[in-house]
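Sequence lines, in order, name chains L, G and U.
Count the first sequence with the numbering used here and you get residues 26 to 691, in order.
Count the second sequence with the numbering used here and you get residues 184 to 301, in order.
Count the third sequence with the numbering used here and you get residues 15 to 492, in order.
See below for the structure under consideration.
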Amino acid sequence: MTESLHNILVAIVLAPLIGSILAGLFAGPLGRKGAHTVTIVGVAIACLLSMYVFKRIAIDEIGVFNQTIYTWLKSDGISFEVGFLVDNLTAMMMVVVTFVSLMVHVYTIGYMSHDEENWPEGSGAGVNSYQRFFSYISLFTFSMLMLVMANNFMQLFFGWEAVGLVSYLLIGFWSVRETAVFANLKAFLVNRVGDFGFILGIAGVLMYFNTLDYASVFAVAEQHKDLTMNIWGDEQWSVMTVICILLFIGAMGKSAQVPLHVWLPDSMEGPTPISALIHAATMVTAGIYMVARMSPLYELSETALTFVMIIGALTAFFMGLLGLIQNDIKRVVAYSTLSQLGYMTVALGVSAYAAGVFHLMTHAFFKALLFLGAGSVIIAMHHDQDMRNMGGLRKYMPWTWGTSLVGSLALIGAPGFAGYYSKDSIIMAVGASHLPYADLVYVMVLAGVFITALYSFRMYFLVFHGEPRMDEHTKEHLHECPRVVTWPLIALAVPSVAAGAVFVSSMPFGDFFDGAIKVAHEHDTLAHVGEHFHGWFSMFLHGFVALPTWLAAAGVGTAYYLYMKRPDIPAMIERKLSLVHWVLDNKYGFDAFNQGVIAAASRGLGRFLWKVSDLLLIDGLVVNGSAKSVGLLAAVTRHLQSGYLYHYAFVMIVGLLALFGIFILQ
Amino acid sequence: MLENYLPVLIFLVIGFGFGAFMMALGFILGPRRPDSEKLSPYECGFEAFEDSRMKFDVRFYLVAILFIIFDLEIAFLFPWAVVLREIGMFGFVAMVIFLALLVVGFIYEWKKGALQWE
Amino acid sequence: MDLTLTSFAPAMPEMFLLGMLSLVLVVDLFLTERTRHITYILSLLSLAGTFWLVLDGYPRLPELAFHGSYINDPMAALLKLFMLLAVMVVLVYSKEYIKQRDMYKGEFYLLVLFATLGMLVLASAHTLLTVYMGLELLSLSMYAMVALRRDNVDASEAAMKYFVLGAMASAMLLYGMSLVYGATGTLDFALMGEAAAKLPTNDVTMLFGIIFMLVGVAFKLGAVPFHMWVPDVYHGAPTAVTLFISSAPKLAAFAMLMRIFVDGLGELHQQWQGILIVMALLSFGLGNLVAIAQTNLKRMLAYSGISHIGFLLLGVLSGTSEGYAASLYYAITYVVMSLGGFGMILLLSRAGFEADKLDDLKGLNDRSPWFALMMMMLMFSMAGVPPFLGFWAKLAVIQAAVGVGLVWLAIAAVVFSVVGAFYYLRIIKLMYFDKPESDAPIESSADLRILLSANSLAVVGLGLFPSSLLAICSASIG
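See the structure below:
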């Protein structure tokens, strides 16, 4: 049984990789059509097989697949392996990743069809950019699958870095734009900070558990609960807390949590399909997935859980606020992503891993939908992303409008939509938590609901309703996008509506994740909430009397009033609360701080090291000095090779005598 | 163990000693009364035409080498013939193989023209 | 005397090769220039048949033949397989080259086959006499091969040097053997260790014998200070012959080292270890240093070969079975890389043009991106950059040295491999960053191109999956 899965799993991983390699290396011969065909076929295979695996694992319940596929090397008793661990959690992630990826692949055909216009005339970098893009997103799919299917930390780290690399490549895809290059550099550097913590965490695991295999680590985690370590001074730190927080720092980088969130809004410089795939639906949720996967470790450290929860709440609340003042359509969606990631992190913090992962799944669908919807608008607007130039698009683009509305409703958690079930589960779980500061966090997540509704519908009204504000030329050309664009929207709209009701009774409140996620009894907030859960329909009905729903409705109402009825009020608020606006406009000063203090200090240090230690000491003395002396030595010793036979014979005899001298006469 | 080699040593000493002895004998006993005629090179009454160390045609070496090779290898037949009764069929077959290899070598030198003077 | 055919079975491949050799020798006599390819094909077939026989008779346990003077054990079989493989590759690589240089004669193939036979015998030798027989068969053939282009001044000079120095080394080896025989009273490796162990420690006769024999082996390997022939011969010999000398015979020399000093005198490890340490240190030190100053690619690869021998010795001198396996792995690795390196010179050369200067590689990337990539991988591998094959080999021998506490030696090895990286990387710089001096197209046959590509890709492939070959090597040493 597992043997047949073995081959299927290998095929799932390799299909996108092969597609990527073909599209990347044979861009010329394949041409555009060939490139998108091979990659889409590769991802479609992966998607179908993932669904099959999901069926076998999650529905037929044939048991967890945990097997090493290939041992790369063994060193000092530690093996570095490629292996797959597929349980319900993994199977769900696989389906989400491949499904969204497939939709994005299809959508990209439409989005990138005029990509040559994005490159300056005669730019060498623009050659075959279309094929390159497909190659990258398939490579991303491969990397992400490696990440979620890993059964050991080594492979997790490989996938982690690989998705980071592809993200870097794609943010800077239009490499001739200065802003894109800046943005990908920023993403790369910020992720370095996170990854540094992450690899320290992995090193910690290796140091104390002496293995990198998940199952072996989790099996003995409980015994290490009371271990302490000495970092500096005499203070003793709990090993579990240190490891968990270090790992979470990695998650903060990847999943853009405060204060390592700064790269995500800038990453919108990349083409929209990858904003949807990487920076909304899948890669940024890798941190969430990782923490959920490591739940047996996190459960052992309440300190770490509290830390996670607070970071999540800060992100959820403050990043939502920033969404209110953005004018760039993609940035609004980006800040909403940050805020939603914050929700998921909060869920992890209160041990409601299942709710967090559930929200991850629904979010993947509706956020990808929103992004692709935004992309569709951007195509129609000829790559103008400023919402102040939009308005009234509803009648020009009915499909985009309809699906975007579905996405927005799911995002704000309107009863019945997918987001409702997942977000409400989280909020209720926070309410049930006993961690310190849980009350404060509860208030923040509730306030977040209002803010979410406000900025989502601000965007919705500004784009689709009201008077058209674009110039005449654009207006004449407005029309619905081709079917390769609208079909993925529709395909994503379906789970955005339905996924919540279908899975709510099994995922957060059922036993779907038993075995994959481990929750200590005293932390089990979801079980507490689940006592009041009586099926999806009653939850739906309950939605109409619950506080979050009314907050969301209030948000929508406010948005309608402010941006449809009295558009003068927002301007007035802006004037009256200029200080607040200034703070928000500068994104709380994170960027300024990073640029002015951290980057400047790093550059200063770098300059010092360059001038003094590199140029003077290393280059001058060590490198050039040793190179020169080696060169000199080489020039001298080569003269030993005189070319005379009797010299050679003489050297042999001398060598022989020297050996006698050393080893016999000693 | 080393005493087994004593005869060899004695043989060597005698060999060298005898040679040295003979030369010394001639050197000591022979009368030496040199004059200019005696010391000049002599060639049938003429002055010497050329260097006394004459160059041989390289073909002599070739023939000599071929002779040595085949002579040595054929010399192997003698001990074989002596013990043929004891080693029986196996020894016979071994020698046939050996000779076959030799014949291959012979065909090679023949065909390559090593046996032709011109 | 109980002699049946099965008692010859361990030597079956050698006997087959000898038979085929005689056949080729006779057949070639009746061929003309136009039908010479029959010799070529027959030679390849002989080697392939021998390969098959070795594979077929792959032993699980050591098998003895000829009254214990011949052994077929897993190490011998593995070495033979790689020797035969290397020789076949040499024949394919050199076909065009020797055609263009008036060397396309039966003798080239015959000498290669004779040398191969010598190598096989060496790999299976189990007495000092068999060692010597294999060695001479190999050496004499190689002297003649170097001299094959009689009218070429460089080649004749190289052959002369090789022959004189080789004869000296051979004499020393033989003298060492006689001393060891005198001390232990046996030529048989199976009995030698036991006899040697009974001698008083630091028995002077034995020490003399060991040193003399080591000189002979070191000469074959090309270890400093018995390396002087290597650059001149590699440089002077026709590249096709250099390709041959630098590949399979290194495996044979390694076999010789293992047979005499591990099979025979393994008990006296303490006494020969020190000598090997000196040789290893000098080899990778001098080899890497002098290689930097070279302008000729063949000379550079010669010095690089000397340094590789230094690394190879690291494993053997550790005296553990891990160390022996590491050295075996290193030897095979070196042969694969060396074939690629010299093969590249053959690829780039054409009638009247040798392509053996470093400058000839300038701008190779513009002329042929594919082969520039191949060469880059080979150079990375030789420099020991992960994940290429050469890295794992270096890692294995260095680990072996560290394993027996020779940390200082391991550090020296690492330092010199960093020094060595310079000249390998310089080649990459020349290929990718300099302008080509000529834009002549690369004319070479398809078989050479394909095989050379496969050769280079093997460096990557085996590097990505390092454990398989290493596991085979470990199993062979047992």
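All residues carry an ideal CB built from backbone N, CA and C; glycine is no exception.
Quick caveat: nothing in here was measured; it's all calculated off a predicted structure.
| query | Can you tell me where the beta strand (DSSP E) with L:Asn-91 in it begins and where it stops? | reply | DSSP places L:Asn-91 inside the beta strand (DSSP E), whose first and last residues are 90 to 100.
| task | Return yes when the Cβ of L:Gly-438 is within less than 7 Å of the Cβ of L:Gly-432, no when it is not. | result | No.
| field | Minimum C-alpha distance to U:Ile-224 - residue among U:Asn-379, U:Gly-280, U:Thr-253 and U:Ala-426 | value | U:Gly-280
| field | Spatially closest choice to U:Leu-32 from U:Ile-52, U:Thr-46 and U:Leu-61, by CA coordinates | value | Comparing Cα-Cα distances from U:Leu-32 to each of U:Ile-52, U:Thr-46 and U:Leu-61, the minimum goes to U:Leu-61.
| query | Whole-angstrom Cβ separation of L:Asp-353 and L:Asp-411, contact assumed at under 8 Å? | reply | Contact holds; Cβ gap of about 6 Å.
| Are the segment 458 to 465 of chain U and the segment 672 to 690 of chain L touching by the rule of at least three beta carbon pairs closer than 8 Å? | no
| Residue interval of the alpha helix (DSSP H) (run including U:Leu-501) | Here chain U has residues from 15 to 492 only, and residue 501 of chain U is not among them.
| field | Cβ pair L:Gly-345, L:Gly-473 closer than 7 Å | value | yes
| query | Hey, U:Gly-175 and U:Asp-246: beta-carbon distance below 7 Å or not? | reply | Per the sequence shown, residue 175 of chain U should be read as Lys rather than Gly. In this structure, U:Lys-175 lies near U:Asp-246, with their beta-carbon atoms less than 7 Å apart.
| Proximity test, Cβ basis, 7 Å: U:Pro-239 and chain L | yes
| task | Using only alpha-carbon positions, find the residue among L:Leu-609, L:Phe-442, L:Asp-238 and L:Leu-630 that is nearest to L:Met-319. | result | L:Asp-238
| Buried or exposed (CB count within 10 angstroms, at least 16 for buried), U:Met-15 | Low local confidence applies: a pLDDT of 45 at U:Met-15 is under 50, so the model's placement there is unreliable, with the coordinate-based value given in what follows. Its Cβ having fewer than 16 others within 10 Å, U:Met-15 is exposed.
| query | Counting only runs that start and end within the segment 595 to 669 of chain L, where is the alpha helix (DSSP H) found for 4 or more residues in a row? | reply | Runs of alpha helix (DSSP H) with 4 or more residues, each lying fully within the segment 595 to 669 of chain L, are found at 603 to 610, 615 to 618, 625 to 633 and 649 to 662, listed in chain order.
| field | For U:Arg-164: DSSP bridge partner residues | value | Answer is none; U:Arg-164 lacks a bridge partner.
| query | Mind checking G:Met-205: buried by the 16 CB within 10 Å criterion, or exposed? | reply | By the neighbour-count rule (16 or more Cβ atoms within 10 Å), G:Met-205 is not buried but exposed.
| field | Of the residues L:Cys-269, L:Met-484 and L:Val-608, the one placed nearest L:Val-333, counting alpha carbons only | value | Looking at the Cα atoms, L:Cys-269 is the closest of the given residues.
| query | Would you say U:Leu-476 and U:Leu-465 are within 7 Å of each other, going by their C-beta atoms? | reply | no
| said: Per DSSP, what are the beta-bridge partners of U:Thr-141 in this structure? | reply: U:Asp-202
| query | Is there a Cβ from chain L that is less than 7 Å from the Cβ of U:Val-135? | reply | no
| request: Check the Cβ-Cβ distances between U:Met-242 and every residue of chain L, and say whether any is below 7 Å. | output: Yes, its Cβ sits closer than 7 Å to a Cβ of chain L.
| request: Under 8 Å Cβ to Cβ from L:Asp-610, same chain only, skipping five residues before and after it: list those, please. | output: The residues are Ile-350.
| request: Starting from G:Ile-290, find everything on chain U with Cβ-Cβ shorter than 9 Å and list it in chain order. | output: Leu-39, Val-40 and Leu-43
| field | Span separating the alpha-carbon of L:Ala-596 from that of L:Ser-292 | value | 28 Å
| task | Report yes if the C-beta distance between U:Met-388 and U:Ser-470 is below 7 Å; otherwise report no. | result | Yes, they are a contact pair.
| message | Comparing C-alpha positions only, which one of L:Asn-235, L:Leu-98 and L:Ala-584 sits nearest to U:Leu-409? | response | Here the closest residue by C-alpha is L:Leu-98.
| task | Quick one: using the 10 Å Cβ neighbour count with 16 as the cut-off for buried, is L:Met-26 buried or exposed? | result | Legend: pLDDT at L:Met-26 = 47, less than 50; position of this residue unreliable, value from coordinates given subsequently. Classification of L:Met-26: exposed, given that the 10 Å Cβ count is below 16.
| Helix, strand or coil: how does DSSP classify U:Glu-336 here? | Assignment of U:Glu-336 by DSSP, reduced to helix, strand and coil, places it in the helix class.
| query | Would you call the CB atoms of L:Ala-208 and L:Trp-199 closer than 7 Å? | reply | no
| request: Could you name the residues of the same chain whose beta carbon sits closer than 8 Å to that of U:Leu-99, not counting the 5 residues immediately before and after it, in chain order? | output: Same-chain partners within the cutoff: Phe-65.
| said: Please report the straight-line C-alpha distance between L:Glu-86 and L:Ser-75, rounded to a whole angstrom. | reply: 15 Å
| request: Report yes or no: do three or more beta-carbon pairs, one from the segment 374 to 391 of chain U and one from the segment 119 to 132 of chain U, lie closer than 8 Å? | output: no
| field | Within 7 Å of chain G by C-beta, residues of the segment 20 to 37 of chain U in sequence order | value | Ser-36
| query | Which parts of the segment 81 to 140 of chain U are runs of the alpha helix (DSSP H), unbroken and 4 residues or longer, counting only runs that do not cross its ends? | reply | 88 to 114 and 120 to 138
| request: Only counting runs of 4 or more residues, tell me where the alpha helix (DSSP H) segments fall wholly within the segment 236 to 268 of chain G, in order along the chain. | output: 241 to 258
| query | Excluding the five sequence neighbours on either side, which residues of its own chain have a C-beta within less than 7 Å of the C-beta of L:Leu-172, listed in chain order? | reply | Leu-181, Gly-184, Trp-185, Val-188 and Ala-311
| task | Indicate whether U:Met-97 and U:Leu-265 have their beta-carbon atoms separated by less than 7 Å. | result | One thing to note: U:Met-97 has its Cβ within 7 Å of the Cβ of U:Leu-265.
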